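Read left to right, the sequence shown gives residues 5 to 476 (the numbering used here). Beta carbons: idealized from backbone N, C-alpha and C, even for Gly. Note that the structure is predicted; figures quoted are calculated from it, not measured. Structure, as structure tokens:
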Amino acid sequence: MAAQTGFIFANATVITMDDARRVISDGAVAVVGDSIAAVGKTADVVARFPNLAVHDYSRHIIAPGLIDTHVHQSQAFFRGVGERNERSDSFHEWLYRLTLPMEGAMTPADGAASASLCILEMLKSGTTSFLECMTSENHGFDGIAQVCVDSGIRAALGKVVMDVPAAYRDKVGWPMSAWFDPQETIAATLAAHDKWDGAANGRIQVWFGCRTADDSANPDLYRQVARIAKERGMRLTIHHSELASDNAYARSLGYRSHMEYGVDLGIVGPNAVLAHCTAADAEDVQLLAKAGASVSTNAANNAVSAWGPTPVVDMLAAGVNVALGCDGTAGDANMDLLRDLRVVCQIARTHSKNRNSLRAETVLEMATIHGAQALGIADKVGSLEVGKRADLITIDTDVPHLTPIWNPVATMVFAAQGADVHTVVVDGKVIVRDHQILTMDEEAIVADARRRMPEIAARANVPAMRPRWPVL
């Protein structure tokens, strides 16, 4: 009989997220190959696998890896630019005068470097799977996909599909037509899907990454995307029902709301992840539930952008699958999904004035099993169960702000932060150990980011970002 290759993490508090939602004190997880071989009491697991190396994780929480369902990797170099705009504080001013010009000035080498920085931050803070919403042509899809493969993270990569009608280009005053020929973007997405989907032992997926269904895109384009996705069994993601202007645009076309418009286009369905949905009302929530689409709420980023909250509580009550996302660092400046666990809960309770409207247990479900469902991989990840892929994290609780622990779930949701993540395992491979990344050159990635950012800003003719206070 061939020797088993794997390990046991023992003596920990294990939050399984299995169907029974077991929390196991003095628990252990055995990993063999890329999968979980056992979850249970330490003594039982060690006895079953006497040949596996046992690693002591006393005073640690072991949990499923976190799943971020809305990421802009290209914005990793633009951390915090949303707080510096002298001409206007509007979203469109931030988007069209700062963020998109810099994204447009990026090269494929910049795209890979930005993805490296973003993934480095996600992995070190406990995110093991993520959904990139829209990789643009100039960012170099192949290079970004290779970064994902090499880093060890699990990634669903949305390849941008977008149309920019002439009237919209004139309105925003920026030549985005250089980026987006709609049929070319569809062809490029299908080519990327054929090349990369299923790569790295299935860690890589390729999706349609649609920007948004407003006057920046011809409706026929998204009808075409919806049809192709259904025919090929692909998934899609889109920013949807994000702003009041989205609803106004939909009403100008004769629809009650942007959500109704999306349903008619075919882009709101069981194969879709809709980002934000902060402009969705009660009727939209029912449309969502009926359509079976997942929602990615980006609570911290939406709060910074002052868009108002996603109606998470109402959506969950209606049976909508709601997951979590950090969005991009050009807005909130942070990719720490652990931090966002408490943010989404705090916002929901503040908005509802009801302490029980969103519980810690539900929030952790949103970050794990709901995220897995949104990405179409709930059979593989999202919980610690025998036969699932070994995607897990450990949180070192031997620190003042995590002591004492009365309720490990509440502690993880309300007190833990990304810096507390000690170990990260993806597909059975240890990616982070003792807070150190093992698959990436952290020092080189950070230095490269510092070098590239001013070069990109100069090419985009974007001035240096400074505080509103005088800098001497």
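Subject >> Three-state secondary structure (DSSP) of R101 >> reply: Counted from its first residue, the sequence shown places residue 101 at position 97. In this structure, R101 counts as helix in the three-state DSSP scheme.
Subject >> Start-to-end residues for the beta strand (DSSP E) that takes in K2 >> reply: The structure shown does not extend to residue 2, since the chain is modelled only from 5 through 476, so no value can be given for it.
**OP:** Would you mind giving the Cβ-Cβ distance between T216 and E246, rounded to the nearest angstrom? I have them listed as a contact below 8 Å.
**Re:** By 1-based counting over the sequence shown, the position of residue 216 is 212. By 1-based counting over the sequence shown, the position of residue 246 is 242. Confirmed, about 7 Å.
Original post:
How would you write the range of the alpha helix (DSSP H) that N251 sits in, first residue to last?
Top reply: Position 247 of the sequence shown, counted from the first residue, corresponds to residue 251. 248 to 256 is the span of the alpha helix (DSSP H), which, as asked, contains N251.
Subject >> Sequence-distant residues of the same chain with beta carbon closer than 7 Å to V466, five excluded per side >> reply: One-based indexing of the sequence shown puts residue 466 at position 462. Excluding sequence neighbours, V466 sits near L102, P105, M106.
**OP:** Answer with buried or exposed for G440, where buried requires no fewer than 16 other C-beta atoms within 10 angstroms of its C-beta.
**Re:** One-based indexing of the sequence shown puts residue 440 at position 436. A quick correction: the sequence has Gln, not Gly, at residue 440. Burial check for Q440: the Cβ neighbour count within 10 Å stays below 16, so the residue is exposed.
Original post:
What is the residue span of the alpha helix (DSSP H) that E198 lies within?
Top reply: As a first step, residue 198 must be located in the sequence shown, where it is residue number 194. It should be noted that the sequence gives Asp, not Glu, for residue 198. It spans 186 to 200 - the alpha helix (DSSP H) in which D198 sits, taken as one unbroken run.
Original post:
Do D218 and S249 have their C-beta atoms within less than 9 Å of each other?
Top reply: The residue given as residue 218 occupies position 214 in the sequence shown. The residue given as residue 249 occupies position 245 in the sequence shown. Cβ atoms of D218 and S249: closer than 9 Å.
Subject >> F212 - containing alpha helix (DSSP H), residue span >> reply: To locate residue 212, count along the sequence shown from 1; it is residue 208. That residue, F212, is in no alpha helix (DSSP H); its beta strand (DSSP E) goes 208 to 216.
Subject >> Between the CA atoms of A113 and K294 - distance to the nearest angstrom >> reply: Locating residue 294 in the sequence shown gives position 290, where the first residue counts as 1. Locating residue 113 in the sequence shown gives position 109, where the first residue counts as 1. The alpha-carbon atoms of K294 and A113 are separated by roughly 42 Å.
Original post:
Whose C-alpha, out of S298, N338, L135, A297, is nearest the C-alpha of N306?
Top reply: To locate residue 306, count along the sequence shown from 1; it is residue 302. Out of S298, N338, L135, A297, N338 has the C-alpha closest to the C-alpha of N306.
Original post:
Under the rule that 16 or more other beta-carbon atoms within 10 Å means buried, what is E264, buried or exposed?
Top reply: Numbered from 1 along the sequence shown, position 260 holds the residue referred to as residue 264. By the neighbour-count rule (16 or more Cβ atoms within 10 Å), E264 is buried.
**OP:** Starting from the Cα of H355, find the closest Cα among D318, D336, G335 and give me that residue.
**Re:** Residue 355 sits at position 351 when you count from the first residue of the sequence shown. H355 has its Cα closest to that of D318, out of D318, D336, G335.
Original post:
By DSSP, does M21 sit in helix, in strand, or in coil?
Top reply: Numbered from 1 along the sequence shown, position 17 holds the residue referred to as residue 21. DSSP places M21 in the coil class of the three-state scheme, outside both helix and strand.
**OP:** Use the C-beta contact count for P186: other C-beta atoms within 10 angstroms, 16 or more gives buried, fewer gives exposed.
**Re:** In the sequence shown, counting from the first residue as 1, residue 186 sits at position 182. Under this definition P186 is a buried residue.
Subject >> For G86, three-class secondary structure by DSSP >> reply: Counting from 1 along the sequence shown, the entry for residue 86 is found at position 82. In this structure, G86 counts as helix in the three-state DSSP scheme.
Original post:
Taking G69 as the reference, which of P474, T398, F418 has the closest Cα?
Top reply: For the purposes of this step, residue 69 is taken as the residue at position 65 of the sequence shown. Minimum Cα distance to G69 is reached at T398.
Original post:
In the structure shown, what three-state DSSP assignment does T46 receive?
Top reply: By 1-based counting over the sequence shown, the position of residue 46 is 42. DSSP places T46 in helix when its eight states are reduced to three.
**OP:** Within the same chain, show all residues whose beta-carbon is closer than 6 Å to that of G332, passing over the 5 residues directly before and after it, in chain order.
**Re:** On the sequence shown, position 328 is the one that residue 332 refers to. Excluding sequence neighbours, G332 sits near H76, Q79.
Subject >> Inside the region 281 to 321 only - alpha helix (DSSP H) runs reaching at least 4 residues >> reply: 286 to 295, 303 to 309
Original post:
Can a CB atom of chain C be found closer than 9 Å to the CB of R346?
Top reply: Here chain C cannot be found, since the structure has a single protein chain.
**OP:** Keeping to the same chain, check which residues put their C-beta closer than 6 Å to that of L320; ignore five residues upstream and five downstream.
**Re:** Within the sequence shown, residue 320 is the residue found at index 316, counting from 1. Apart from sequence neighbours up to five positions away, the residues of its chain that approach L320 with a beta-carbon distance below 6 Å are V326, ordered along the chain.
Original post:
CB-CB under 8 Å to I449, same chain, minus the five flanking residues each way: which ones, in chain order?
Top reply: Residue 449 sits at position 445 when you count from the first residue of the sequence shown. Contacts found: A117, S120, L121, L124.
**OP:** Leaving out five residues on either side along the sequence, give the residues of the same chain with a beta carbon under 8 Å from the beta carbon of A182.
**Re:** Counting from one through the sequence shown, the residue named residue 182 turns up at place 178. Only weak support exists for where A182 lies, its pLDDT of 48 falling under 50; the value from the coordinates is given anyway. The residues are G108.
**OP:** Look at the alpha carbon of R363 and the alpha carbon of M416, and state the distance between them as a whole number of angstroms.
**Re:** Taking the first residue of the sequence shown as position 1, residue 363 is located at position 359. Taking the first residue of the sequence shown as position 1, residue 416 is located at position 412. Taking the straight line from one Cα to the other gives about 12 Å.
Original post:
Would you say V316 and L291 are within 9 Å of each other, going by their C-beta atoms?
Top reply: One-based indexing of the sequence shown puts residue 316 at position 312. One-based indexing of the sequence shown puts residue 291 at position 287. Their beta carbons are not under 9 Å apart, which means V316 does not touch L291 by this criterion.
**OP:** For A6, I'd like the list of residues in its chain whose CB is within less than 8 Å of its CB, leaving aside the five on either flank, ordered along the chain.
**Re:** Translated into positions along the sequence shown, residue 6 becomes position 2. In this predicted model, A6 has a pLDDT of only 46, less than 50, meaning its place in the structure is not dependable; the value taken from the coordinates is given anyway. Once the five neighbours on either side are set aside, A6 has no close Cβ partner at all.
Original post:
Tell me, which residues are paired with A159 by DSSP?
Top reply: Within the sequence shown, the letter at position 155 stands for residue 159. Paired residues: F134, I208.
Subject >> Backbone secondary structure at R26 - three-state DSSP >> reply: Against the sequence shown, residue 26 aligns to sequence position 22. In the structure shown, R26 sits in coil (DSSP, three-state: anything other than H, G, I, E or B).
Original post:
Which partner residues does H4 have in the DSSP bridge list?
Top reply: Look at the range of the chain in this structure, 5 to 476, and you will see that residue 4 is not part of it.
Subject >> Of the listed residues I28, M126, H374, T111, nearest to I435 (C-alpha basis) >> reply: Taking the first residue of the sequence shown as 1, we reach residue 435 at position 431. Closest by alpha carbon: M126.
Original post:
To the nearest whole angstrom, what separates the beta carbons of R207 and D431, a pair I think is in contact under 8 Å?
Top reply: Taking the first residue of the sequence shown as 1, we reach residue 207 at position 203. Taking the first residue of the sequence shown as 1, we reach residue 431 at position 427. Right, their Cβ atoms sit about 6 Å apart.
Original post:
With respect to the alpha helix (DSSP H) encompassing V390, which residues constitute its N-terminal and C-terminal limits?
Top reply: The residue you call residue 390 lines up with position 386 of the sequence shown. Here V390 belongs to no alpha helix (DSSP H), and DSSP marks it neither H nor E.
Original post:
Apart from the five residues on each side of it in sequence, which residues of its chain come closer than 6 Å, Cβ to Cβ, to G335?
Top reply: The residue you call residue 335 lines up with position 331 of the sequence shown. Cβ neighbours of G335 beyond the five flanking positions: G86, N305, V308, S309.
Original post:
What is the DSSP secondary structure of A355, reduced to helix, strand or coil?
Top reply: For the purposes of this step, residue 355 is taken as residue 351 along the sequence shown, with counting starting at 1. The sequence shown places His at residue 355, not Ala. Helix.
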